[in-house]
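Okay, structure first, notes after.
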Amino acid sequence: MREGIIVEARKPGERNPFYKKYTARTLRPVVNFDTCIKCTMCWLDCPDECFEVTPSGHYEVVYEACIGCGICAQVCPVKDCIVMVDELKFTDNTDKFVLYDKQPDAYRQWFTEMTGLPAIGSDKPAATGGD
């Protein structure tokens, strides 16, 4: 019998903890949780199963599993709800829904900095001048 390595089988939906395919990623999805309608399209169509359901029903990206294909942004029915952002803008793979859940205004500011788009909830009414 030849010597070799053992590759354990995974159950459907289970991720291999040693395979880090995101290292070749050039774009990363950023979700605007304020505009998300919880339609499940991103979750259903993601070929990498990188979306996880939060307790509030939103879908957050697990960046360790994402290859940055952009299918989630393409199938999302809400304009600019999922925006693909240059990988070089990120410094880590931390869970961004935790920030949104605990500090929504800080998340909205981060979303705007990353995408260049205004986040819903952070818009302040414009000051109107007198005549």
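Residue numbers (our numbering): 218 to 348.
Glycine included, every Cβ here is placed at the ideal spot set by N, Cα and C.
When you compare only the Cα positions, how much space is there between residue i and residue j?
i    : j    : result
A241 : P294 : 27 Å
D322 : A336 : 9 Å
F328 : G221 : 46 Å
C286 : E231 : 20 Å
T257 : C283 : 17 Å
K255 : T308 : 27 Å
R227 : P264 : 16 Å
K341 : C259 : Residue confidence is low: K341 scores 40 on pLDDT, short of 50, so the model does not pin down where it sits. No coordinate-derived value is stated.
E304 : Q326 : 18 Å
Using beta-carbon positions only, say whether residue i and residue j come within less than 8 Å of one another.
i    : j    : result
C298 : C253 : yes
L244 : V292 : no
D262 : I288 : yes
Y324 : L334 : no
Judging by CA-CA distance, which residue of the options is the nearest neighbour of residue i?
i    : options                : result
K306 : I284, E330, K313       : E330
F314 : E281, V248, E231       : V248
D318 : P229, Y280, G274       : G274
T311 : V278, P272, C259, W260 : V278
Report buried or exposed for residue i, applying the criterion of at least 16 other Cβ atoms within 10 angstroms of its Cβ.
i    : result
C270 : Note that residue 270 is Val in the sequence shown here, rather than Cys. The residue is exposed, with fewer than 16 neighbouring Cβ atoms inside 10 Å.
P246 : buried
Notebook entry, point to check: What runs of the beta strand (DSSP E), each 3 residues or longer, lie entirely inside the stretch 245-295?
Noted result: Contiguous beta strand (DSSP E) elements confined to the stretch 245-295 occur at 268-270, 276-278, taking only those with 3 or more residues.
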